[in-house]
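Notes follow the structure.
Protein chains: 2
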Amino acid sequence: MLTIGKLGQAAGVKVPTIRYYEQIGLLPEPERSAGNQRLYGAKARERLAFIRHARDLGFPLDAIRDLLSLSDSPSQSCAAADVIATQQLVAVKERITRLTALQAELERMITQCAKGTIADCRVIEVLSDHGLCAQDHQARTGQGV
Amino acid sequence: MLTIGKLGQAAGVKVPTIRYYEQIGLLPEPERSAGNQRLYGAKARERLAFIRHARDLGFPLDAIRDLLSLSDSPSQSCAAADVIATQQLVAVKERITRLTALQAELERMITQCAKGTIADCRVIEVLSDHGLCAQDHQARTGQGV
DNA sequence: CTTGAAGCTATAGTGACTAGAGACATTAGG
DNA sequence: CCTAATGTCTCTAGTCACTATAGCTTCAAG
Chain A
1 MLTIGKLGQA AGVKVPTIRY YEQIGLLPEP ERSAGNQRLY GAKARERLAF
51 IRHARDLGFP LDAIRDLLSL SDSPSQSCAA ADVIATQQLV AVKERITRLT
101 ALQAELERMI TQCAKGTIAD CRVIEVLSDH GLCAQDHQAR TGQGV
Chain B
146 MLTIGKLGQA AGVKVPTIRY YEQIGLLPEP ERSAGNQRLY GAKARERLAF
196 IRHARDLGFP LDAIRDLLSL SDSPSQSCAA ADVIATQQLV AVKERITRLT
246 ALQAELERMI TQCAKGTIAD CRVIEVLSDH GLCAQDHQAR TGQGV
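Here it is, written out as structure tokens:
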């Protein structure tokens, strides 16, 4: 049986994060020791590793919740899992597209900067006037990764 | 003079967002009409467009705050603005690198899926075991874009 | 003059944690 | 056995950049 700290080390997840996952129902409530400390078995360790790995791949917790409940019923069709993964792939691709446009615009902005005073700074100027941009670029996309 | 709604339309920013920017001190408190409604002039419109544009390029609000105060003192050196933009560029590049690794891993995962049952689903299997991954991939990076 | 849109304030919610306070549990060393 | 250090407990609040809601007032058009 693992204490929460050992579990965290084993899975590469911080202790408060584990408690958070329990709180939102992603991990079941574990046994407790005589002194009221959480005790975890191998199953919890696997489940947490699964969550951690899916988070690393950028899946949002809601998607992970679905994937976990799928993995609990092994005889079901795989299609649903496929859909979730494909959605995630699409989201990742979109982000890459946007970020690549941003990168180009930032590079343009910086290389054009004459390193003089603010008054003729290209960085400030471009920010002041979207018309000076070469491409479309709109970052606003929510969830980190 | 523009009401908050017109200003929002002009700059492509939602009304509550404008009030939020005022609240956190990014926009100055505007004049008010007899009936206590906000009234904005051309300066506020430009400032808001600047903010909007910088947000679109993924700058965090703190960086924008700095850029704004720089643009208020046109005789200063441009170096500080350059630093901020360069930091942003580095951050964007890092994100692209990570996301590209994610993309590869997700694609691998999905194409290997035999579309059968969960029991032999590659998606679930890979998520359960990081050892099955081809590359490093760690998404955890905070702030959207 | 009435109606409906737009504006006002204040508060709470989002996602996925992270940080802090103050108290109890456990373990290693002496 | 005692003590000190570390680990764990609960609870609350903070992060970022908004977004949503509720309940009110003001304004412009017909």
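First to last, the protein sequences are chains A and B. Per this note's numbering, the very first residue in the first sequence carries number 1; after that it's consecutive. Per this note's numbering, the very first residue in the second sequence carries number 146; after that it's consecutive. Don't be surprised by glycine CBs; every beta carbon is placed ideally from N, CA and C. Everything numeric in this text was worked out from a predicted model, so none of it was measured.
Buried/exposed call for residue i, threshold 16 Cβ in 10 Å
| i | result |
| --- | --- |
| glutamate 29/A | exposed |
| valine 126/A | buried |
| arginine 19/A | exposed |
| glutamine 154/B | exposed |
| glutamate 176/B | exposed |
| glutamine 23/A | exposed |
| glutamate 239/B | exposed |
| glutamine 233/B | buried |
| methionine 109/A | buried |
| alanine 101/A | buried |
| alanine 49/A | buried |
Contact list for residue i against chain A, beta-carbon separation under 8 Å
| i | result |
| --- | --- |
| proline 219/B | Thr117, Ile118 and Ala119 |
C-alpha gap between residue i and residue j, whole angstroms
| i | j | result |
| --- | --- | --- |
| glycine 170/B | arginine 190/B | 15 Å |
| serine 178/B | glycine 186/B | 13 Å |
| leucine 206/B | arginine 200/B | 7 Å |
| isoleucine 124/A | leucine 67/A | 46 Å |
| glutamine 143/A | alanine 91/A | Because glutamine 143/A sits at a pLDDT of 47, beneath the cut-off of 50, its placement in the model cannot be relied upon, and the following sentence gives the value as read from the coordinates. Whole-angstrom Cα-Cα distance: 10 Å. |
| leucine 7/A | valine 15/A | 8 Å |
| arginine 210/B | glutamine 182/B | 25 Å |
| glutamine 248/B | glycine 58/A | 10 Å |
| leucine 251/B | aspartate 72/A | 21 Å |
| threonine 3/A | leucine 277/B | 27 Å |
| tyrosine 166/B | alanine 279/B | 44 Å |
| alanine 208/B | valine 228/B | 10 Å |
Bridge-paired residues (DSSP) for residue i
| i | result |
| --- | --- |
| threonine 117/A | Ser222/B |
| glutamate 176/B | Leu184/B |
| leucine 2/A | Tyr40/A |
Within chain B, partners of residue i - CB distance below 9 Å
| i | result |
| --- | --- |
| glutamine 23/A | Simply none; closest approach about 19 Å. |
| methionine 148/A | The requested residue 148/A is not part of the displayed model; chain A covers only 1 to 145. |
| serine 69/A | Going along chain B, no residue has its Cβ under 9 Å from serine 69/A, so there is no contact; the nearest lies around 10 Å. |
Neighbour list for residue i in chain B, Cβ cutoff strictly below 8 Å
| i | result |
| --- | --- |
| lysine 93/A | Gln248 |
| isoleucine 124/A | Leu212, Leu215, Ser216, Cys223 and Ala226 |
Partner residues on chain A for residue i, Cβ-Cβ distance less than 7 Å
| i | result |
| --- | --- |
| glutamine 232/B | What glutamine 232/B touches in chain A: nothing, since even the nearest Cβ is about 10 Å away. |
| serine 222/B | Thr117 |
Residue i beta carbon near the ligand FMN (any heavy atom closer than 6 Å)
| i | result |
| --- | --- |
| lysine 43/A | Looking for the ligand FMN in the displayed structure turns up nothing, as the structure carries no ligands at all. |
Residue j beta carbon less than 7 Å from that of residue i
| i | j | result |
| --- | --- | --- |
| glycine 261/B | cysteine 78/A | yes |
| leucine 215/B | alanine 225/B | yes |
| arginine 122/A | glutamine 112/A | yes |
| arginine 197/B | glycine 157/B | yes |
| glutamine 221/B | isoleucine 118/A | yes |
| leucine 39/A | methionine 1/A | yes |
Chain-ordered neighbours of residue i on chain B, where CB pairs are closer than 7 Å
| i | result |
| --- | --- |
| threonine 100/A | Ile241 |
| leucine 106/A | Leu202, Ala230, Gln233, Leu234 and Val237 |
| alanine 54/A | Leu272 |
Partners in chain A for residue i, counting only beta-carbon separations shorter than 9 Å
| i | result |
| --- | --- |
| glutamate 191/B | Ser128 |
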